[in-house]
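J.: Just add 2 to wherever you are in the sequence shown, counting from 1, and you've got the numbering used here. All C-beta atoms in this analysis are idealised placements derived from N, C-alpha and C, irrespective of residue type, glycine included. It should be emphasised that the depicted structure is a prediction, and the values quoted were computed from it without experimental measurement. Can you read through this structure? Questions will come right after.
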Amino acid sequence: MPRRTLSRQLERGEYELIAGKNARPRLRTIANTANDGLMLPEQVWDPSAPPGEQPGEGTRSATPLAWTHAQFVRLAWSIKAGTPIERPTIVVCRYVRSECPDP
Numbered sequence: 003m004p005r006r007t008l009s010r011q012l013e014r015g016e017y018e019l020i021a022g023k024n025a026r027p028r029l030r031t032i033a034n035t036a037n038d039g040l041m042l043p044e045q046v047w048d049p050s051a052p053p054g055e056q057p058g059e060g061t062r063s064a065t066p067l068a069w070t071h072a073q074f075v076r077l078a079w080s081i082k083a084g085t086p087i088e089r090p091t092i093v094v095c096r097y098v099r100s101e102c103p104d105p
């Protein structure tokens with residue numbers, strides 16, 4: 003039986019860029035998880051949050067978490083570039099030959 007998993011916004015945003023879709027809604031969703039001091043949490047509650055917790059809010063994990071902010075900026079830059087900025091061409095050429103320049 004296939005196992006269903008929940009995609010995280012950062013990874014999903016990069017996937018959507020590669021698929022030619024709009025990743026801006028993912029960036030907005032991430033921004034909406036910030037606390038009153040605009041700090042982004044490491045983790046947020048999924049739609050099935052425990053009683054008393056709000057889906058999409060921080061789980062009281064590390065906040066702020068520097069790599070969360072870095073990934074937010076990376077996704078913003080990727081949206082501007084139209085492709086994930088940390089997607090090495092050599093890797094793309096190896097696995098997705100249709101996107102390689104002719105030799």
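From this set, V46, K82, A36 and P43, which residue's C-alpha is nearest L19's C-alpha?
T.: Working through the sequence shown from its first residue, we reach residue 19 at position 17. Closest option to L19, Cα to Cα, is K82.
J.: In chain order, what are the residue ranges of uninterrupted alpha helix (DSSP H) at least 4 long that sit wholly in the segment 23-69?
T.: Whole alpha helix (DSSP H) segments, 4+ residues: 26-33.
J.: Which residue marks the beginning of the alpha helix (DSSP H) containing C95, and which one marks its end?
T.: Locating residue 95 in the sequence shown gives position 93, where the first residue counts as 1. That run of the alpha helix (DSSP H) goes T91 to Y97.
J.: Can you tell which of I87, A36 and G22 has its C-alpha closest to the C-alpha of T65?
T.: Indexing the sequence shown from 1 puts residue 65 at position 63. Residue A36 is the option with its Cα nearest to T65.
J.: Quick one: residues in its chain with C-beta nearer than 8 Å to the C-beta of R26, no 5 flanking neighbours on either side, listed in chain order?
T.: Walking along the sequence shown from the start, residue 26 turns up at place 24. Cβ within range, chain order: I81.
J.: Thinking just about the alpha-carbon of each residue, which of R62, E44, Y97 and P53 is nearest to the one in I32?
T.: By one-based count along the sequence shown, residue 32 stands at place 30. Measuring from the Cα of I32, the nearest candidate turns out to be E44.
J.: One question on the structure: do E16 and P86 come within less than 7 Å of each other, judged by their Cβ atoms?
T.: Start at 1 with the first residue of the sequence shown, and residue 16 comes out as number 14. Start at 1 with the first residue of the sequence shown, and residue 86 comes out as number 84. In this structure, P86 lies closer than 7 Å to E16 by Cβ.
J.: Run the CB neighbour count on V75, radius 10 Å, all protein chains shown included, and call it buried at 16 or more, exposed below.
T.: Numbered from 1 along the sequence shown, position 73 holds the residue referred to as residue 75. Residue burial is scored here from C-beta neighbours: V75 has fewer than 16 other C-beta atoms within 10 angstroms and is therefore classed as exposed.
J.: Give the range of the alpha helix (DSSP H) segment to which R14 is assigned.
T.: One-based indexing of the sequence shown puts residue 14 at position 12. Note, R14: alpha helix (DSSP H), Q11 to I20.
J.: Which word fits V98, buried or exposed, when buried means at least 16 other C-beta atoms lie within 10 angstroms of its C-beta?
T.: As a working note, residue 98 is residue 96 in the sequence shown. Here V98 is exposed, its C-beta having fewer than 16 other C-beta atoms within 10 Å.
J.: Let me know the secondary structure DSSP gives I81 once reduced to three states.
T.: As a position in the sequence shown, residue 81 is number 79, starting the count at 1. It is helical.
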